[in-house]
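Chemist: Below is the structure I would like to discuss, written out as structure tokens.
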DNA sequence: GCCGTTTTCGGCCCGACTGTTTTCAGTCG
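Residue numbers (this note's numbering): 4 to 582.
Here you go:
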């Protein structure tokens, strides 16, 4: 699973953390330089260990000094500068920097003036009221830090919330805010809008001419555990679940600039701002404006701002500064995959599966309601304990499907099954029975802890089987709950191309698997994809749209998504029959 | 530390909120 450069990137991340302490703040240009280098290394898709020092300096943000450190790592396994910094700042001291509200400046003073080296020291200093003796700190600072220590691990700077938990909270909040009087628009932004799989906090921007009542409602709404900030146009709260929510109110005419700014990413914003500066303009959360005259050039919508900067509008999930700005400038940016591109679903369970909740009829009716042109029902194969279905059950279902096909003539119904890939690549039923089905999607549902070689072998074996059309949720990870299986991604993707087996983009928010990293590599190799809802109840069908957003994050070309194809083409493809 | 260039040093994104002080530094995003 791990990319070849991950270890190097992790070391650079640590280097940045320690440099912030050493330099006394993240604003230091040297720190920024390390950050830029780390970002570039992270975004790099090739194997960095294969590059010479000279070749490394060709990378954006990598100069002579950084190139030397990279080579040093690959040749010696360590970086001397990092080792020196680790000696200067032991882990228990670095841990203090994770406490919200405690920045590098204060931290260094705590150490130098009060001899505080770890969390226990800090707690003792607070208890003895020693902190308030420092200039610039007072009683309130003691209380704030005391609370922050209590919450450590619950809401610290490193805490990440799975998108499956954050998204419903954000959608509800945005709906509530949008319904308030005087609110012209409300949108969640930040990493959630970019559709990262975990998020640090929820950022919401509201357009209104009267911020005060919105701020008041926000900090007093039910479920607020703590108010971190409460200003005229910006407030922050923590929910009972430990999720931080930041709310910002701007004038309606500034909404686009604000959502652009708060959606980020930071690196994407910096790229945009540099383009603005090149044109003699400035870009902030209020507007794109002329630097000399202050005259507003664009502010109301994101489209206008991108356009003024000579860029096509960049889809939110791509805003990570991994080449999207350059492509937008060159006019070679791919359009996003959208929900309206999708014409049907390919991974759907009904109550026939042990873990399904809606009947076949309810499910088909819901798909028809969504306007799908085709629907593939895929119950669990018989090898899945408790939840699997028998051959006999599938034969009966075939009759039921034929009856429903008459009632929903606009919807083409296919019978598929979700096969289980056994530890050695074995599959459910037998080849002859599987061939009777319209479609087989095969996934790993057990034996998550095999050695990588075995994991790779079992998936490759499944792909060799002629009845297997798609590999479902290829890594099997559950965000924040279970890591994916560890296999040779490139071997699997190459085999997918060789055997014409598609890779599923699973739209369930706990899965979003294939991961975006896998998608980027797959699309470069020319892999075919499907987007599946993995619905276990009729209401889950609509989450296919999240799969589209996730696909966009992986820069997937919509023409490579089989369930965006017209009915006849899709059905022929699904059955592996000639069109 | 990197970059660009009028090639060798100056610039590097920007604003809200808090706590403490009373004009601002620190933190955060």
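Virtual Cβ for every residue (Gly too), placed ideally from N, Cα, C.
(1) So, is residue 389 buried or exposed, given that buried needs 16 or more other C-beta atoms within 10 angstroms?
(2) So, are the CB atoms of residue 462 and residue 443 less than 8 Å apart?
(3) How big is the Cα-Cα spacing for residue 415 and residue 408?
(4) Cα separation between residue 318 and residue 338?
(5) Please work out which residues of its chain come closer than 7 Å, Cβ to Cβ, to residue 279, disregarding the five sequence neighbours upstream and downstream, and give them in chain order.
(6) Return yes when the Cβ of residue 517 is within less than 8 Å of the Cβ of residue 477, no when it is not.
(7) Hey, residue 33 and residue 41: beta-carbon distance below 8 Å or not?
(8) So residue 361 and residue 540 are supposed to be a Cβ contact under 8 Å. How far apart are they, rounded?
(9) Does residue 200 come out as helix, strand or coil in the three-state DSSP assignment?
(10) Starting from residue 416, trace the beta strand (DSSP E) both ways and give me its first and last residue.
(11) Is it the case that the Cβ atoms of residue 258 and residue 238 are separated by a distance below 8 Å?
(12) Which whole runs of the alpha helix (DSSP H) in the region 309-388 are 4 residues long or more, in chain order?
(13) As a quick exercise: from 495, 29, 161 and 176, pick the residue whose alpha carbon is nearest that of residue 107.
(14) Assuming residue 379 and residue 431 make a contact with CB atoms under 8 Å, what is their CB distance in whole Å?
(15) Could you give the distance in angstroms between the alpha-carbon of residue 125 and the alpha-carbon of residue 16?
(16) Assuming residue 521 contacts residue 559 (C-beta within less than 8 Å), just tell me the rounded distance between them.
(17) Ordered along the chain, which non-local residues of its own chain (more than five positions away) have a Cβ less than 6 Å from that of residue 341?
(18) Check this for me: beta carbons of residue 464 and residue 428, under 8 Å apart or not?
(19) DSSP on residue 292, reduced to helix/strand/coil?
(20) Return the CA-CA distance between residue 499 and residue 530, expressed in angstroms with no decimal places.
(21) Report the rounded CA-to-CA distance for residue 4 versus residue 426, giving the unit in angstroms.
(22) To the nearest angstrom, report how far apart residue 207 and residue 186 are at their CA atoms.
(23) Mind listing, in chain order, the continuous alpha helix (DSSP H) runs of no fewer than 4 residues lying wholly within the region 473-543?
(24) So, with DSSP's three-state summary, where would you put residue 442?
(25) Run through the region 97-155 for me and flag every whole alpha helix (DSSP H) of 4 or more residues, listed as ranges in chain order.
(26) Quick one: using the 10 Å Cβ neighbour count with 16 as the cut-off for buried, is residue 446 buried or exposed?
(27) List the endpoints of the continuous beta strand (DSSP E) containing residue 233.
(28) When the Cβ atoms of the region 159-173 are set against those of the region 481-497, are three or more pairs found closer than 8 Å?
(29) Round the Cβ separation of residue 474 and residue 502 to the nearest angstrom and send it over; I've been treating them as touching at under 8 Å.
(30) In the DSSP assignment, what are the bridge partners of residue 31?
(31) Secondary structure at residue 298, three-state DSSP: helix, strand or coil?
(32) Does the contact criterion of 3 or more C-beta pairs under 8 Å hold for the region 89-97 versus the region 114-125?
(33) Along the alpha helix (DSSP H) that carries residue 460, what are the first and last residues, could you check?
(34) Just how far apart, CA to CA, sit residue 578 and residue 307?
(35) Taking buried to mean at least 16 other C-beta atoms within 10 Å of its own C-beta, is residue 393 buried or exposed?
(36) With distance defined between alpha-carbon atoms, name the residue in 439, 189, 345 and 256 nearest to residue 570.
Modeler: For this structure:
(1) Along the first chain, one-based indexing puts residue 389 at 386. Its Cβ having fewer than 16 others within 10 Å, residue 389 is exposed.
(2) Reading the first chain from its first residue, position 459 is the one you call residue 462. Reading the first chain from its first residue, position 440 is the one you call residue 443. Contact: no.
(3) Working through the first chain from its first residue, we reach residue 415 at position 412. Working through the first chain from its first residue, we reach residue 408 at position 405. Each residue's alpha carbon lies about 7 Å from the other.
(4) If you number the first chain from 1, residue 318 lands on position 315. If you number the first chain from 1, residue 338 lands on position 335. Distance between the alpha carbons of residue 318 and residue 338 is about 8 Å.
(5) Here residue 279 is taken as the residue at index 276 of the first chain, counted from 1. Taking residue 279 as the centre and dropping the five residues before and after it, the same chain places the C-beta of 285, 286, 291 and 312 closer than 7 Å to its C-beta, in chain order.
(6) Here residue 477 refers to the residue found at position 474 of the first chain. Here residue 517 refers to the residue found at position 514 of the first chain. Taking 8 Å as the Cβ cut-off, residue 477 and residue 517 qualify as a contacting pair.
(7) For the purposes of this step, residue 33 is identified with residue 30 of the first chain, where counting begins at 1. For the purposes of this step, residue 41 is identified with residue 38 of the first chain, where counting begins at 1. Taking 8 Å as the Cβ cut-off, residue 33 and residue 41 do not qualify as a contacting pair.
(8) Along the first chain, one-based indexing puts residue 361 at 358. Along the first chain, one-based indexing puts residue 540 at 537. Indeed they touch by this definition, with Cβ atoms about 5 Å apart.
(9) Walking along the first chain from the start, residue 200 turns up at place 197. It is coil, neither helix nor strand.
(10) Counting from one through the first chain, the residue named residue 416 turns up at place 413. 415-423 is the span of the beta strand (DSSP E), which, as asked, contains residue 416.
(11) Numbered from 1 along the first chain, position 255 holds the residue referred to as residue 258. Numbered from 1 along the first chain, position 235 holds the residue referred to as residue 238. Cβ atoms of residue 258 and residue 238: not closer than 8 Å.
(12) Complete alpha helix (DSSP H) runs here, min 4: 327-333 and 363-373.
(13) As a working note, residue 107 is residue 104 in the first chain. For residue 107, the nearest C-alpha among the options comes from 29.
(14) Numbered from 1 along the first chain, position 376 holds the residue referred to as residue 379. Numbered from 1 along the first chain, position 428 holds the residue referred to as residue 431. Between residue 379 and residue 431, the beta carbon gap of about 16 Å keeps them out of contact (Cβ cut-off 8 Å).
(15) Counted from its first residue, the first chain places residue 125 at position 122. Counted from its first residue, the first chain places residue 16 at position 13. Whole-angstrom Cα-Cα distance: 25 Å.
(16) For this step, residue 521 is matched to residue 518 along the first chain. For this step, residue 559 is matched to residue 556 along the first chain. Not confirmed; about 11 Å, so no contact.
(17) What you label residue 341 is simply residue 338 of the first chain in a count that begins at 1. Result list for residue 341: 551, in chain order.
(18) On the first chain, position 461 is the one that residue 464 refers to. On the first chain, position 425 is the one that residue 428 refers to. Their beta carbons are under 8 Å apart, which means residue 464 touches residue 428 by this criterion.
(19) Taking the first chain and counting its residues from 1, the one referred to as residue 292 is at position 289. The answer is strand: DSSP assigns residue 292 an E or B state.
(20) Position 496 of the first chain, counting from 1, holds the residue named residue 499. Position 527 of the first chain, counting from 1, holds the residue named residue 530. Taking the straight line from one Cα to the other gives about 7 Å.
(21) Here residue 4 refers to the residue found at position 1 when the first chain is read from its first residue. Here residue 426 refers to the residue found at position 423 when the first chain is read from its first residue. Here the model assigns residue 4 a pLDDT of 45, short of 50, so the residue's position is not dependable, and the following value carries that caveat. So the alpha carbons of these two residues sit roughly 18 Å apart.
(22) Translated into the one-based positions of the first chain, residue 207 becomes position 204. Translated into the one-based positions of the first chain, residue 186 becomes position 183. Distance between the alpha carbons of residue 207 and residue 186: 13 Å.
(23) As far as the region 473-543 is concerned, its whole alpha helix (DSSP H) runs of at least 4 residues are 492-502 and 519-528.
(24) To locate residue 442, count along the first chain from 1; it is residue 439. Residue 442 falls in the strand class under three-state DSSP.
(25) Uninterrupted alpha helix (DSSP H) stretches at least 4 residues long and entirely within the region 97-155 occur at 107-117, 122-130 and 142-153, given in chain order.
(26) Translated into the one-based positions of the first chain, residue 446 becomes position 443. The residue in question, residue 446, is buried, as its Cβ has 16 or more Cβ neighbours within 10 Å.
(27) Within the first chain, residue 233 is the residue found at index 230, counting from 1. Note, residue 233: beta strand (DSSP E), 227-233.
(28) Cβ pair count under 8 Å is three or more, so yes.
(29) Stepping through the first chain from its first residue, residue 474 is reached at position 471. Stepping through the first chain from its first residue, residue 502 is reached at position 499. No, residue 474 and residue 502 are not in contact; Cβ-Cβ is about 10 Å, not under 8 Å.
(30) Indexing the first chain from 1 puts residue 31 at position 28. None; residue 31 has no bridge partner.
(31) Position 295 of the first chain holds residue 298. The answer is coil: DSSP assigns residue 298 none of H, G, I, E or B.
(32) yes
(33) Within the first chain, the letter at position 457 stands for residue 460. It spans 455-467 - the alpha helix (DSSP H) in which residue 460 sits, taken as one unbroken run.
(34) By 1-based counting over the first chain, the position of residue 578 is 575. By 1-based counting over the first chain, the position of residue 307 is 304. Between the alpha carbons of residue 578 and residue 307 lies a gap of roughly 45 Å.
(35) The residue you call residue 393 lines up with position 390 of the first chain. Residue 393 is exposed by the Cβ-count criterion.
(36) Taking the first residue of the first chain as 1, we reach residue 570 at position 567. The residue with the shortest Cα to Cα distance from residue 570 is 345.
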